[in-house]
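*Asks:*
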Amino acid sequence: MPKRSDIKKILVIGSGPIVIGQACEFDYSGTQACKVLKAEGYQVVLVNSNPATIMTDPELADRTYIEPLTPEFVEAIILEERPDALLPTVGGQTALNLAVALSERGVLDRQGVELIGAQIKSIKVGEDRLLFKEAMKEIGLETPRSGVAYDFKESGQIVREVGYPAIIRPSFTLGGTGGGIAYNAEEFEHLAKRGLDLSPAHEILIEESVIGWKEFELEVMRDLKDNVVVICSIENFDPMGVHTGDSITVAPVQTLTDKEFQHMRNAAVRIIRKVGVETGGSNIQFAVNPRDGRLVVIEMNPRVSRSSALASKATGFPIAKIAAKLAVGLTLDEIPNDITLKTPACFEPTIDYVVTKIPKWAFEKFPEAEPLLGTQMKSVGEVMAIGRTFKESLLKALRSLETGRKVGSQKLDPDQIKEKLILPNPDRLLYLRFAFERGLSVEEAYQHTRIDPWFLRQVREVSQLSAGLRGADLDEIPPLQLRQAKRMGFSDQYLAWLTGSTAAEVLQRRQDLKLRPVYKRVDTCAAEFESFTPYLYSTYEQQCEAEPSQRRKIVILGSGPNRIGQGIEFDYCCCHASFALKEDGFETIMVNCNPETVSTDYDTSDRLYFEPLTFEDVMHVVEREQPEGVIVQFGGQTPLTLALPLQRAGVPIIGTSPESIDLAEDRKRFGRLLSGMGIPQPPSGTATSFGEAAAIAERIGYPVLVRPSYVLGGRAMVIVHDDHSLERYITEAVDVSQNRPILIDKFLEDAFEVDVDAVADGRRVVIGGIMEHIEEAGIHSGDSSCVLPTYMVKPEHLETMRDYTRRLALELKVVGLMNVQYAIKEDVVYVLEVNPRASRTVPFVSKATGVPLAKLAVRLMTGRKLEEFGLGDELPVDDFFVKSPVFPFLKFPGVDTILGPEMKSTGEVMGVSDNFGQAYAKAQLSAGSVLPRSGTAFISVNDQDKLNVLPIARRLHDLGFRLIATAGTREILAGQGVPVEAVYKVNEGRPHIVDLIKSGQVDLILNTPLGKDSFFDERAIRRAAVQHNVPCITTLSGGAAVASGISALQQNRRDVRALQEYHRNEE
Amino acid sequence: MEAVLALEDGLIFEGTSIGARGETSGEIVFNTSLTGYQEILTDPSYAGQIVVLTYPLIGNYGVNAEDEESSRPFAEGLVVREATDSADHWRLDGSLPDYLETHGIVAIAEIDTRALVRHIRQQGAMRAVIASGEVDRDLLVEKARQAPEMVGRDLASRVSCREAYRWEKPSVAIFPEDSSGSRSRSDAGEPPMKVVALDFGIKHNILRLMVDSGLEVTVVPAMSSAAQILAMNPDGIFLSNGPGDPEPVAYAIRTARELIGKKPMLGICLGHQILGLAVGGSTYKLRFGHHGGNHPVMRMQTGQVEITAQNHGFAVDIASLPESIEVTHVNLNDQTLEGFRHRSAPLFCVQYHPESSPGPHDSRYLFEEFKRVIRQHRRESGTSFTWQD
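The listed protein sequences correspond, in order, to chains A and B. Straight run, no breaks: the first sequence in the working numbering ends on number 1659. Straight run, no breaks: the second sequence in the working numbering ends on number 1157.
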């Protein structure tokens, strides 16, 4: 069927900020969908609140709205744009939920907007457990025994029928938020109540446990002609009981006979037809009883998902792209397969390799959370690896994880083996290997883990070879055994550790034996047809299919798995580098191992190497390709740590030199550089022991900021107020040694913090943006809301920062991007740190200024000059752009929600408006924190702020708020005639402020830090605030922002404006 | 133990011996299915061929009695990247390497199967030898060149049964909701429908599915004559799949030609090619054939696509078909003929495998269609046949 001509304009909804369970896989799917729809000649209107995405690049859609993903705002956009159709299936659960809300409010009918891709009925059947169960029954498929409850009493009756252990799943939540396994009545009560609370529909499913069954997923597509194809089958290494997002997963299915597999395929075909997904992709999960093959259906998502991103990368079949084409009426047989060009997309990919995905967790960021895995997803990212065998792909995936731990450095406790195997946890595989090396049998391992014995045997083979090589003399290892180890996926690092040699020596031995990897292609067809797409992976085989070209080419190193502190922003930069270099006529070569990203789309760069980002793997790619340059400054810390080793190995790193990057990271040398330039920095020192650290703290005075060297995202960074805490930090929190010093900086309390992004070509510097943090100093910049342009910074300080930025860029010979963090205290501008590389704020600044900074930077890196681009010394910003972070605290019940120098947010949103208040209110709304329109505001500020708080308090009063304050603040306000009531501090009597927050009597908190003494009071307030979802503002600039925001909310303004509008004037 | 794979064009692969020790030769072809190695090995259509499996990990779930597609493995040899020697599965009877050894199948593992497949894709199917142990490579290449060609060789008669037999076993009811046995039994009171199946190397799953559909099946040798078949007074005649080149199976082409219009006929794979030749078409050898479980085939009447299981090295030339023939199915990958029917006789056939095993079940409707045609023919006997769709 030809594509539809009755629709012209299509609204695409994105998935919003990166959160656990919904990450940049939806940037990948959304980007693909936008590109396809535009290419098919449709006008594309996009809404997404996340500025760090590729999909919100102004070029990707005709109209791009970075606005809150609420029914009200999307309705406003619909009124503005009058689209003919809405595509809700590429923006995750967020987009589906919004589509349902818009439909239920009658907006879609009223405005004549047609849903394409999935109908409301299908969305509901897919998401509503009860409807789904009924639908499955009608087509003769089994689901686990279960029942749905809308209140606690009902849930009790159901669990009596289902029995323990029982699984509790709240309906309509992301990544299984609020789900869990109850082994007894007490746990059940807790989980059921929480689930009812968290479900937007106050609905929970209580389900028979199929824990320990084998778990599978099929990615299925259907078109309007009712053609159905299965794109990819996935088997979970971890059996049922661990959320699939937290499971190691493998494609294709490994342990099913054809009869069982076809039985599952038949079920999938029937399900997609029954649920009525008319066009596009769906993900269907199954559990299989390993004892008798009984198959039960677990769930289906009538949309593209994390698994479909994985399946697309695993097979080379671009599910989201095809789904978008199907949504506008094309059928599978009409769409050509990109990779073979000659065969249609209407087929089922077959693969001749094994794909393994391993999740990456961030438990180290939440020390109070128990590192256990269950039905609620907790991982923040994932890696994928491709190998010709399961063992090879597993070991490649493991080294892609970049745990930061040196090979073999982790101490494993033999007494813990059993526990670590029985309770799913991030270290389970590590313990499994350890246990096998110590002689555990497959049968015992199966008893503990319920992992299919086939997988267990594979892991045991790895352990057996490790044990065989341990302690061997590298040069004595027979060539065949070394070959076997490399074929199994052993890295040089790992072999070096086993044999007490160095990776360089292993490499040398390999070179002597001519033992090097070849590259094979991912081609959807197991080589049955010729492949025209160089999507490559390494393996130790005979024949290489890389076929490098003779063009001018640049290799871009990606950012690896998403983690807190290094995520989609860096992928954005890498993709932009690739786009710009392609435009400039270079061949671009991407190296990355993150299946969720746009960078690992085979369409993004000319060539894609899906490889771990380790020295060994990158070096082999460079040797094969012989590029004229390698880019390390766009992928965050991952490629940066490789910069110097690569350069020493003779690899041409382009842009700012690795020495400059290293200089900026080296506190001592960099400190001397700043002093030489007359630029103030907080007093600091480097210590390798507690004694040294205490002496430094004595010299510079508490509070101090301490951290290990070479970290991103503020890993293990804390503010310490006394010797005792300093000692505890050094002995417990970090591993300090001669080679691993800690950095100690004077902490500038109550300073303003500012981030500056700039680009430089070695001669000239252009300032991209100066961003003022809205939260207090000491909160990691990634966790702080910020506003562009600055809001309360004095002009002379702006001038100073411009001057410092320029001088630093020239001094460090920056060619490319640079980010500087400043603090302003008592009219002194301090440099906190300089990062001569892409920063987290690059996409935000690019969206705000309309100038794609990363593209500009990469052009400078290839030798072009700033003067070619006709830019002023600083990019102008006419409106207000506010960036706000989003936190995963809900996923880690019981963890401390207090923000500090260690980054904890997973994603960000942007609010835009012509006034600061509205921009801030939008950002807060997008981040899920709703500012109150009325109610009670609690104010408690420090002495410096007491005078300046007056206008804010008065404004809140005028806006209709009842004000309450602690004694000191109350006195000042009352003295100036602002009506205010007194409230106790925590230690003054009861009911005190925390009691009021907990009993829901406070709607807004303005609490600026009062120093060490009230530190614990403040922590109690903030913790209660987060628990009870009360906005808590910690700076006056934030307070002013909130007051403006509330005022904007009260006016009920829902101005929406496309990004293309904002930047029209500037062109 | 080491093993060597030698191709007739001189290419050599060194690997590890699995299965039986010794030497084997045949035409080397690759199959792209992800599952179903046991069904592939036991498919008589692979007689005369060495099979390379493109999926690298083989043997993961072992072997079992229900997955046999015939009495024994027919492939001459097996080539895999990695073989699992101990497997776990609730239906497990033994490991793949043991099974190969028991049945004397010589096989090789640990070679770059993707490189081999690319070579076959570029150079076409060719003859090869697998040998275990110490071998003279040049001699092996020479042996590969001496191995018989597929073209012009009647393999069907080699794998066919020697005597007629009744088949009564339905599908194994492992997965209750899949077994169509009870669903589509003949309507109560309707006389049984007797089908004679010409065995050119018939797969058991075809027989099982016909029984599931309520047909009474008698399997007869490939060389049975039209008179012999008609003497059995069947309601329908089935021409099975089988190995090799259809042209030299002249006796069967003659038989088929004599039967056209007399009884409803269904052909699968080699049966389809024999019918193609019988109606006056011609066949040719494909470069490297279709062997896998993911081929898209368009059913022309509906425009819908079926994902099909395929296993053939020869094809009926779509341009050679006479006016009396209507094309019903086309392969979307290369536009080759996948099925046709006679415009005025109850005869239809497909090149692919609706019984799959291994492979998707999208085309199982063809067995019901056969029954429908038989029923219509019985009702309208004597008059000329018109398709009702």
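For glycine and all other residues, C-beta sits at the position ideal for the given N, C-alpha and C.
Any chance you could list the beta strand (DSSP E) runs of at least 3 consecutive residues sitting entirely within the segment 1171-1246 of chain A, in chain order?
*Replies:* Fully enclosed beta strand (DSSP E) runs of 3 or longer: 1179-1184, 1199-1202 and 1221-1223.
*Asks:* Three or more C-beta pairs closer than 8 angstroms, one from the segment 1224-1244 of chain A and one from the segment 1361-1373 of chain A: is that the case here?
*Replies:* Cβ pair count under 8 angstroms is below three, so no.
*Asks:* Quick check on A/R1291: buried or exposed, where buried means 16 or more other Cβ atoms within 10 Å of its Cβ?
*Replies:* Flag for A/R1291 reads exposed.
*Asks:* Kindly list the residues whose CB is nearer than 6 angstroms to the CB of A/A879, restricted to its own chain and excluding five residues on each side of it in sequence; keep chain order.
*Replies:* Counting only Cβ-Cβ distances below 6 angstroms, and skipping sequence neighbours, we find V802, W805, E807, M832, V888 and I890.
*Asks:* Closer than 7 angstroms, Cβ to Cβ, to anything on chain B: give me those residues from the segment 855-879 of chain A, in chain order.
*Replies:* Listed by position along the chain: H855, R857 and N858.
*Asks:* If contact is defined by three or more beta carbon pairs under 8 angstroms, each pair taking one atom from either stretch, is the segment 895-915 of chain A in contact with the segment 1096-1106 of chain A?
*Replies:* Not touching, per the Cβ criterion.
*Asks:* I'd like to know if B/R889 contacts chain A, where contact means its C-beta is closer than 8 angstroms to some C-beta of that chain.
*Replies:* It does: the Cβ of B/R889 has a partner Cβ on chain A nearer than 8 angstroms.
*Asks:* Specify whether the segment 811-830 of chain B and the segment 1144-1152 of chain B touch according to this definition: at least 3 beta carbon pairs, one from each stretch, less than 8 angstroms apart.
*Replies:* Output reads no: the segment 1144-1152 of chain B does not touch the segment 811-830 of chain B.
*Asks:* Taking a Cβ distance cut-off of 7 angstroms, strictly less, list which residues of the segment 797-827 of chain A are near chain B, in chain order.
*Replies:* Of all residues in the segment 797-827 of chain A, K817, D818, N819 and V821 have a Cβ within less than 7 angstroms of some Cβ in chain B.
*Asks:* Buried or exposed: B/H972, going by 16 or more other Cβ atoms within 10 Å of its Cβ?
*Replies:* Buried.
*Asks:* Buried or exposed for B/S950, please, with buried defined as at least 16 other CB atoms from any protein chain shown within 10 angstroms of its CB.
*Replies:* For B/S950, the pLDDT reaches just 44, beneath the cut-off of 50, and the residue's location in the model is therefore unreliable, although a value from the coordinates is still provided. By the neighbour-count rule (16 or more Cβ atoms within 10 Å), B/S950 is not buried but exposed.
*Asks:* Please confirm if A/A1119 has its CB atom under 8 angstroms from at least one CB of chain B.
*Replies:* Cβ-Cβ to chain B under 8 angstroms: yes for A/A1119.
*Asks:* What does B/N1101 reach in chain A if we use C-beta pairs closer than 8 angstroms?
*Replies:* Those are K934, T935, P936, F939 and F1121, listed as they occur along chain A.
*Asks:* For the candidate residues A/T1180, A/E1494, A/Q877 and A/S1191, whose alpha-carbon lies nearest to that of A/P1153?
*Replies:* Ranking A/T1180, A/E1494, A/Q877 and A/S1191 by Cα distance to A/P1153 puts A/S1191 first.
*Asks:* Where are the alpha helix (DSSP H) runs, 4 residues long or more, that stay fully inside the segment 835-914 of chain A, in chain order?
*Replies:* Qualifying alpha helix (DSSP H) stretches, in chain order: 850-867 and 898-907.
*Asks:* Taking the alpha carbon of A/G973 as the reference point, which residue from A/K729, A/R898 and A/I1362 has its own alpha carbon closest?
*Replies:* For A/G973, the nearest C-alpha among the options comes from A/R898.
*Asks:* If distances are taken between C-alpha atoms only, which option among A/K1447, A/N1621, A/K866 and A/G1263 comes closest to A/L790?
*Replies:* When only C-alpha atoms are compared, the closest one is A/N1621.
*Asks:* Can you pull the chain B residues whose beta carbon is under 8 angstroms from the beta carbon of A/D830, in chain order?
*Replies:* The premise fails here: A/D830 is roughly 17 angstroms from chain B at the closest Cβ pair, so nothing lies under 8 angstroms.
*Asks:* Return helix, strand or coil for A/L1517, following the three-state DSSP convention.
*Replies:* In the structure shown, A/L1517 sits in a helix (DSSP, three-state: H, G or I).
*Asks:* Which chain A residues sit within Cβ distance under 9 angstroms of B/A843?
*Replies:* Neighbours of B/A843 on chain A: none; closest Cβ ~16 angstroms, over 9 angstroms.
*Asks:* Within 8 angstroms (strictly less), CB to CB, does A/R1049 reach chain B?
*Replies:* Yes - at least one Cβ of chain B is within 8 angstroms of the one on A/R1049.
*Asks:* With a cut-off of 8 angstroms, does the C-beta of A/F982 fall near any C-beta of chain B?
*Replies:* It does: the Cβ of A/F982 has a partner Cβ on chain B nearer than 8 angstroms.
*Asks:* So is A/F780 buried or exposed if we call it buried at 16+ other beta carbons inside 10 Å?
*Replies:* Classification for A/F780: buried.
*Asks:* Take the Cβ of A/H855 as the centre, count every other Cβ of all protein chains shown within 10 Å, and call the residue buried at 16 or more, exposed below.
*Replies:* By the 10 Å Cβ count, A/H855 comes out buried.
*Asks:* Could you check if A/R1547 belongs to the surroundings of the ligand FMN, using beta carbon to heavy atom distance under 7 angstroms?
*Replies:* Looking at this structure, you won't find the ligand FMN or any other ligand, since it has none at all.
*Asks:* Below 7 angstroms CB to CB, which residues in the same chain sit around A/A1449 once its five sequence neighbours on both sides are set aside?
*Replies:* Here the set comprises V1351, G1408 and L1409.
*Asks:* For a contact meaning CB atoms closer than 9 angstroms, what does B/P1126 contact in chain A?
*Replies:* Neighbours of B/P1126 on chain A, chain order: T849, D850, K851, F853 and Q854.
*Asks:* State the DSSP-derived secondary structure class of B/Y867, mapped to helix, strand or coil.
*Replies:* Helix at B/Y867.
*Asks:* Looking at C-alpha atoms only, which residue of A/L990, A/S1033, A/I1253 and A/G1637 is the closest neighbour of A/V1406?
*Replies:* Residue A/I1253 is the option with its Cα nearest to A/V1406.
*Asks:* Going along chain B in order, which residues have a C-beta closer than 8 angstroms to the C-beta of A/T942?
*Replies:* Within 8 angstroms Cβ-Cβ: T800, S801, L802, T822, Y823, G1060, G1061 and N1062.
*Asks:* Please classify A/F1344: is it buried, with 16 or more other beta-carbons within 10 angstroms of its beta-carbon, or exposed?
*Replies:* Classification for A/F1344: buried.
*Asks:* List in chain order: all unbroken alpha helix (DSSP H) runs of 4+ residues lying wholly within the segment 1477-1537 of chain A.
*Replies:* Entirely contained in the segment 1477-1537 of chain A, the alpha helix (DSSP H) runs reaching 4 residues are, in chain order, 1508-1518.
*Asks:* Distance check for B/V909 and B/C929, CA to CA, integer angstroms please.
*Replies:* Rounded to the nearest angstrom, the two C-alpha atoms are 33 angstroms apart.
*Asks:* Taking 8 angstroms as the threshold (C-beta atoms), are B/H1059 and B/V848 in contact?
*Replies:* No, Cβ-Cβ distance for B/V848 and B/H1059 is not below 8 angstroms.
*Asks:* So what's A/H1389 in DSSP terms, helix, strand or just coil?
*Replies:* The answer is helix: DSSP assigns A/H1389 an H, G or I state.
*Asks:* So, helix, strand or coil for B/W935, using DSSP?
*Replies:* In the structure shown, B/W935 sits in a strand (DSSP, three-state: E or B).
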